[in-house]
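One structure is given here, and the rest of the page talks about it.
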Amino acid sequence: MKILTTHVGSLPRPHDLLDLMKEKLAGRQDGKYDARVRSAVAESVKKQVASGIDIVTDGEQGKPGFFLYVNERLEGFTPRPGMKRKFFPAEVQAFPEYYEQYFKQAMLGGTVAPVVPMVCTGPVKYRGHAALQQDIANLKAAAAAAKAPAVFMPAVAPSGVGANEYYKTEEEYFHAVGAALRSEYKAIVDAGFTLQVDDPFLSDIFADPDYDKKQRRAARACTSRRSMRA
Amino acid sequence: MYVEAVNESLKGLPEEKVRFHTCYGINEGPRIHEAGLADVVEAMLAVNAGAYSFEAANPRHEHEYHVWETAKLPAGKKLIPGVITHASNIVEHPEFIAERLLRYANIVGADSVIAGADCGFSSQASYSTEVHPTVVWAKFEAMSEGARIAGKKAKTTITSRGSRGSKAPRSRRSPPRPGRRGAGRAKSARRSRAR
Chain A
2 MKILTTHVGS
12 LPRPHDLLDL
22 MKEKLAGRQD
32 GKYDARVRSA
42 VAESVKKQVA
52 SGIDIVTDGE
62 QGKPGFFLYV
72 NERLEGFTPR
82 PGMKRKFFPA
92 EVQAFPEYYE
102 QYFKQAMLGG
112 TVAPVVPMVC
122 TGPVKYRGHA
132 ALQQDIANLK
142 AAAAAAKAPA
152 VFMPAVAPSG
162 VGANEYYKTE
172 EEYFHAVGAA
182 LRSEYKAIVD
192 AGFTLQVDDP
202 FLSDIFADPD
212 YDKKQRRAAR
222 ACTSRRSMRA
Chain B
131 MYVEAVNESL
141 KGLPEEKVRF
151 HTCYGINEGP
161 RIHEAGLADV
171 VEAMLAVNAG
181 AYSFEAANPR
191 HEHEYHVWET
201 AKLPAGKKLI
211 PGVITHASNI
221 VEHPEFIAER
231 LLRYANIVGA
241 DSVIAGADCG
251 FSSQASYSTE
261 VHPTVVWAKF
271 EAMSEGARIA
281 GKKAKTTITS
291 RGSRGSKAPR
301 SRRSPPRPGR
311 RGAGRAKSAR
321 RSRAR
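Quick note, the sequences are listed as chains A and B, same order. Quick note: the first sequence uses our numbering, first residue 2, plus one each step. Quick note: the second sequence uses our numbering, first residue 131, plus one each step.
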């Protein structure tokens, strides 16, 4: 029997595309960016098919990264450059020297723009229709040209978007972000792709040192009961 | 609260057109404070998706395939375990990738398994990705070959056991662990899926 292959989504971007992305993010555009994203998606999909990937995607060639993508797609968020966020507190506390070096060199080193935390400061609305339709068109064309067997497109989960300072409760906030992102989810499925909801937050809940065992058990029970009702 | 919000945003979308990916944020690091899959699995399966993608190809999470011996994957849903990792430039050997896939196939059935990666290879647009671009493609080729090997071994079962053929040969199965909780449940779930 055949076991299908896929991957998670993001792939390295060509350096000349990164150069153009950098220019675009700095507010300088020379009209070459969109065409280069299109050709980079085509190259990426062709290479995925040639490498034996059955369920392909665009390699997120046009996305600069999680935080900037959120700012492009959702209204209601403000970049807060000076904001100090404690990433992976228990890990960093256990290995401070390792992570000081690692974050500089690996995860955040070499990015086209600084990773700036986003904060929800107003009502969340979806505003990414044009960018999303461009992504869909690029991927459709690339998949058809490469005769890709199947296609998926990732989109961020309601969690991965930034701290809430606007909604009264976290529950209200997650539902508002979820309602906004629904436009993106639906458009991806309507395009005939499989939607992949990217959610690093879920496993984070269970790793939070402030979250004791009792709360974890309650969270599990709560999520299960509610989903069964949905 | 949180999974409810995710499901609300997915309401009305066909489950077979939705897959859910969760991971841990850090790529290469000690990673000793991450939650185990056993903690996360119930909430993950509560998301209304047709397939679940998670980290399973690095030394912090590889052993967690045992979780599926007790966690029940609903009928018709699929697992996309990472069989290549984003946390190392070592290209996994296709035979080892096949082994990893067969561990899952043995538990949930090969038709419920898709070969995947632990996480993305460039979640930020970067000039210096942790896994070198040329290595990413080599990993994909290895995964494709590993999936072919695993598929062939799983297929052998059709003729040798006369069953639906979604399992690997019995000799490749993990030996039962004494006192494993829920082993009976997992076995009966396998039997009912095989029918």
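All C-beta atoms in this analysis are idealised placements derived from N, C-alpha and C, irrespective of residue type, glycine included. Predicted model, so just to flag it, every value in this text is computed and none were measured.
Residue 202 (chain B) and residue 178 (chain B) have their C-alpha atoms roughly 15 Å apart. For residue 134 (chain A), there is no enclosing beta strand (DSSP E); the residue is part of the alpha helix (DSSP H) that begins and ends at 130-147. Straight across, the Cα-Cα distance linking residue 154 (chain B) with residue 2 (chain A) is about 32 Å. Using a Cβ-Cβ distance cut-off of 8 Å, the stretch 142-159 of chain B and the stretch 182-199 of chain A are in contact, since at least three pairs of beta carbons, one from each stretch, lie closer than that value. Straight-line measurement puts the Cα of residue 162 (chain B) at about 28 Å from the Cα of residue 272 (chain B). Taking the Cα of residue 132 (chain A) as reference, the smallest distance to any Cα among A:38, A:207, A:175 is reached at A:38.
Taking residue 144 (chain A) as reference, the option from A:125, A:73, A:56 with the minimal CA-CA separation is A:56. Residue range 181-184 is occupied by the beta strand (DSSP E) that includes residue 183 (chain B).
When 8 Å is used as the limit between beta carbons, residue 149 (chain B) is near these residues of chain A: 153, 195, 196, 197, 198, in chain order. Residue pairing by DSSP places residue 23 (chain A) opposite no residue, since no beta bridge is assigned to it.
Between residue 267 (chain B) and chain A, the shortest Cβ-Cβ separation is below 8 Å. Shown here for residue 153 (chain A): same chain residues with a beta carbon closer than 8 Å to its own, the five before and five after excluded, namely 7, 10, 56, 57, 58, 194, 195, 196, 197 in chain order. Taking C-beta atoms as the reference points, residue 103 (chain A) and residue 184 (chain A) fail to come closer than 8 Å.
Separation of the CB atoms of residue 175 (chain A) and residue 132 (chain B) is rounded to 6 Å, and the pair is thereby assigned contact status at 8 Å. Residue 256 (chain B) is bridged by DSSP to A:112.
In the DSSP annotation of this structure, the continuous segment of the beta strand (DSSP E) that includes residue 197 (chain A) starts and ends at 195-199. Taking 4 residues as the minimum length, the alpha helix (DSSP H) runs contained wholly in the stretch 3-69 of chain A are 16-26, 34-51, in order along the chain.
Listed by position along chain B, the residues whose Cβ is nearer than 9 Å to that of residue 130 (chain A) form an empty set, because the closest Cβ is around 16 Å away. Looking at the DSSP output, residue 121 (chain A) sits in a beta bridge with A:78, A:165. For residue 250 (chain B), the three-state secondary structure derived from DSSP is coil. In terms of Cα proximity to residue 165 (chain A), the closest of A:92, A:188, A:12, A:121 is A:121. Rounded to the nearest whole angstrom, the CA to CA distance from residue 110 (chain A) to residue 96 (chain A) is 19 Å. Distance from the CA of residue 116 (chain A) to the CA of residue 194 (chain B), rounded to the nearest whole angstrom, comes to 32 Å. In the three-state scheme derived from DSSP, where H, G and I count as helix and E and B as strand, residue 233 (chain B) is classed as helix.
At least 8 Å separates the CB of residue 122 (chain A) from every CB of chain B.
Closer than 8 Å to the CB of residue 144 (chain A) there is not a single CB belonging to chain B. Per the DSSP secondary-structure output, residue 212 (chain B) pairs in a beta bridge with B:246.
Taking 8 Å as the upper bound for CB-CB distance, residue 158 (chain B) and residue 260 (chain B) are in contact here, some 6 Å apart. Separation of the CB atoms of residue 217 (chain B) and residue 231 (chain B) is rounded to 19 Å, and the pair is thereby denied contact status at 8 Å. Taking the Cα of residue 101 (chain A) as reference, the smallest distance to any Cα among A:88, A:113, A:112 is reached at A:88. Residue 214 (chain B) has its alpha-carbon roughly 7 Å from the corresponding atom of residue 269 (chain B).
Residue 205 (chain A) is classed as buried because its beta carbon has at least 16 other beta carbons within 10 Å across all chains shown. A residue is called buried when at least 16 other Cβ atoms come within 10 angstroms of its Cβ; residue 205 (chain B) does not meet this threshold and is exposed.
Under a criterion of Cβ atoms nearer than 7 Å, the residues of chain A adjacent to residue 263 (chain B) are, in order, 13. Between the alpha carbons of residue 138 (chain A) and residue 192 (chain A) lies a distance of about 9 Å. Only buried fits residue 49 (chain A), as 16 or more other CB atoms lie within 10 angstroms of its CB.
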